[in-house]
Amino acid sequence: MIGRQPSAWAGRFIVADADRETCDVVVADLRRLRAESGGMPFAEIASRIQANRRSAGSDASGPARTTVFEAFRPGRSRLDARLIGEIVEVLGAPPATIPEWVARAGNAIPSAHVEAATKGTRTEGPDAVPAEAAQSQPASEQLSGRLLAVGTAPVTQTSSEARTRRQLGPRQIILIISASILLNLAGHLIVNFLRLPLFFDMIGTAVTAIVVGPWAGVAVAIVTNTGGVWLSGPHSIWFSLVNLVGALVWGYGARHFGMASTLPRYFILTILVALSCSAVAVPILLSLFHGGVGHAGESIVWTLQMLGQPQGLAVLGSNLVNSLADKLITGFVALVAVSSIAARWVIPGIGDQLRRPLADAPEGSA
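Be aware that the sequence shown starts at 314, since it is given in our numbering, and climbs by one per residue.
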């Protein structure tokens, strides 16, 4: 069987009283297990489940990545017990606890917070995180849905103080896209005014691509560079292709390939964006603008050419240096914005290591 080594969290808890838990209680524990196991991407979970099925002699294909993602989504009316068992297995849960997970998923009732929300009552959110109680109590005295630690038996329960996160609505999406366009144009204006050797025209693109989706990021990129015509000249429209590629790499990398699940992965994603943007920008510069458009960062080109480097290599070297510096700064600023949004709203692919440190989420939040 393919699975990870059991994490410190995975073997600590068993259900003290699994009498009709809600789906959200099970999902919250499942999300916590994934985070404690290293934030394995959904595509990798699906691949390992398929490998486990084949090794068991089953002809059934593995679940789709979206199917695995749905298993972690709060607000469910029912859970696929078999799939939950397969997921916790590849996440490294001890084999003895897997039947317990399957039983919990099979017995779970629709999430109570969904019904309570329609009545205007405040309930514990789907992502609320259990906080360990200060002292132990017998299992018979625990309320339904609480978790009992093996051995030491401290109690954990869902904290009503934890921050509740929800799905983004149309109003929030429109606001994020509009703010991203303005942020890009502001960065464009600042660079032109101060003659900085950077770009700063993709911060909003990165935020929208990660938070809303890659193609929403593409829309922000096109609008930004169209507006850039009035700020820096007609050549801006050609470089919308560069902004567009950045949106796709950031969006798909973060949301579909798990590249925003941890800080090291996000750093790698930012480097990939820089390289991808240079791969598009350099041919445009060489074929349409004879190697430059008068940007402050092109001073490196002239320096390299004076040292005897051919124009193509000089443009490539200059653009790579500028792009790496620009995208690292852009990526960090975008991360601050994304982590702040992710602390309040559900964003696929955003791991706890990125959401908690920068968003000042409660200690131990999911």
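Quick reminder that beta carbons are idealized off the backbone N, C-alpha and C, glycines included. These numbers were taken from a predicted model, which means no experiment stands behind them.
No Cβ-Cβ contact shorter than 9 Å links LEU496 with VAL504. Within the model, the alpha-carbon separation for ARG568 versus SER631 is close to 31 Å. Taking a C-beta distance under 9 Å as the contact criterion, PRO387 and ALA359 do not qualify as a contact pair.
When DSSP assignments are scanned along the region 529-571, the uninterrupted stretches of alpha helix (DSSP H) that are 4 or more residues long and fall wholly within it turn out to be 542-545, 553-568. Taking each of VAL340, THR583, ALA409, ASN556 in turn and checking the Cα distance to VAL646, the smallest one comes out for THR583.
For the set ALA594, GLY566, VAL595, the Cα lying nearest the Cα of ILE581 is the one of GLY566. GLU349: member of the alpha helix (DSSP H) spanning 336-349, first to last residue. Contact annotation: the region 364-374 does not touch the region 346-355, with fewer than three C-beta pairs closer than 8 Å. Counting C-beta atoms within 10 angstroms of its own C-beta, SER493 has 16 or more neighbours from the protein chains shown and is therefore classed as buried.
Across the set ARG378, PRO408, ARG391, ARG417, the C-alpha of ARG417 shows the shortest separation from the C-alpha of ARG333. A straight line joining the alpha-carbon of SER612 with that of VAL542 spans about 22 Å.
Counting only residues of its own chain and dropping the five nearest sequence neighbours on each side, VAL562 has a CB closer than 7 Å to the CB of LEU585, VAL586, SER589. A Cβ-Cβ separation of about 5 Å places ALA627 in contact with GLN618 under the 8 Å criterion. Its Cα nearest to that of ALA592, the residue GLY559 stands out among ARG508, GLY559, LEU343. Residue pairing by DSSP places TRP658 opposite ARG479 in a beta bridge.
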